[in-house]
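Engineer:
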Amino acid sequence: MGESNIFSSTGIPVESANSHDRQATPFGHWRLTEYQVIGRHLPTEANPTPKLYRMRIFAPNTVVAKSRFWYFLTQLRKVKKANGEIVSLNVIHEKRPLKVKNFGIWLRYDSRSGTHNMYKEFREMSRTEAVEALYQDMAARHRARFGSIHILKVVEIEKADSIRRPYIKQLLSKNLKFPLPHRSASGNKKVFAYSRPSTFA
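The opening position of the sequence shown corresponds to residue 266 in our numbering, with each subsequent residue numbered one higher.
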């Protein structure tokens, strides 16, 4: 029984969502999780060992992850939920969640005028946080809805020379400094005070 990726070069399928999933992703309440879903066509007499298909899905929960898996598989391999089965579903955890990393994301989204390809870079702690930042950025800059954004590939950029965007390059300086606009002077501390403390001069 062989296992195959829809996109063997990247291992990540085109990210999209159907009409049911669009209403199930309020980022104010849910956080995205990266799932690995493996499914196949049901065994038949003609094909007793069907091919396995593996996808990496960004979804808020397992229900949405399964729904997207069948949506993609129906579009790409003509395998429906009625004649298929999910073999495995597990969470992909970040290997180094405490290290800041640079991510490059290739995407395709549908605007009011047409379909556009795009490449963006984000500086986050994990892949899921980078994808969440992508959805927020696309909604703010391009009014792109969650269901109209298709993620093609998510890659961690390890070399600083490979970074393209200036808004990420400016954060890689060794002498990087940030201003402290609101500094409160630490005076004599009292256990009890008659007035509410204020940090403004």
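Just so you know, even glycine gets a beta-carbon here, dropped at the ideal spot from N, CA and C. Since the structure is predicted, the reported quantities are computational estimates derived from the model, not experimental observations.
On the DSSP bridge assignment, give the partners of T380 in chain order.
Structural biologist: Working through the sequence shown from its first residue, we reach residue 380 at position 115. According to DSSP, which records beta bridges pairwise, T380 is partnered with D375.
Engineer: Measuring CB to CB, does E332 end up less than 8 Å from E359?
Structural biologist: Position 67 of the sequence shown holds residue 332. Position 94 of the sequence shown holds residue 359. It is worth fixing the name first, because residue 332 is Ser in this sequence and not Glu. Taking 8 Å as the Cβ cut-off, S332 and E359 do not qualify as a contacting pair.
Engineer: Looking only at its own chain, which residues have a Cβ that is under 8 Å from the Cβ of T393, when we skip the five neighbours before and after it?
Structural biologist: Within the sequence shown, residue 393 is the residue found at index 128, counting from 1. Here the set comprises R296, L297, T298, E299, F323 and E359.
Engineer: Alpha carbon to alpha carbon, how far is D375 from P446?
Structural biologist: As a position in the sequence shown, residue 375 is number 110, starting the count at 1. As a position in the sequence shown, residue 446 is number 181, starting the count at 1. Rounded to whole angstroms, D375 to P446 spans 41 Å at the Cα level.
Engineer: Can the beta-carbon of I303 be found closer than 8 Å to that of R321?
Structural biologist: By one-based count along the sequence shown, residue 303 stands at place 38. By one-based count along the sequence shown, residue 321 stands at place 56. It is not a contact, given that the beta carbons lie outside the stated cut-off.
Engineer: Apart from the five residues just before and just after F387, which ones in its own chain have a Cβ nearer than 6 Å to its Cβ?
Structural biologist: For the purposes of this step, residue 387 is identified with residue 122 of the sequence shown, where counting begins at 1. Within the same chain, F387 has close Cβ partners F368, A395 and A398.
Engineer: Can you tell me which residues form a DSSP beta bridge with F323?
Structural biologist: For the purposes of this step, residue 323 is taken as residue 58 along the sequence shown, with counting starting at 1. In the DSSP output, where bridge partners are listed per residue, F323 has E299.
Engineer: Which stretch, first to last residue, makes up the beta strand (DSSP E) that contains H415?
Structural biologist: As a first step, residue 415 is located in the sequence shown; it is residue number 150 there, counting from the start. Per DSSP, H415 belongs to the beta strand (DSSP E) from I414 to I422.
Engineer: If you check the beta carbons only, do I370 and I416 fall under 8 Å apart?
Structural biologist: The residue given as residue 370 occupies position 105 in the sequence shown. The residue given as residue 416 occupies position 151 in the sequence shown. Result yes, Cβ atoms of I370 and I416 sit closer than 8 Å.
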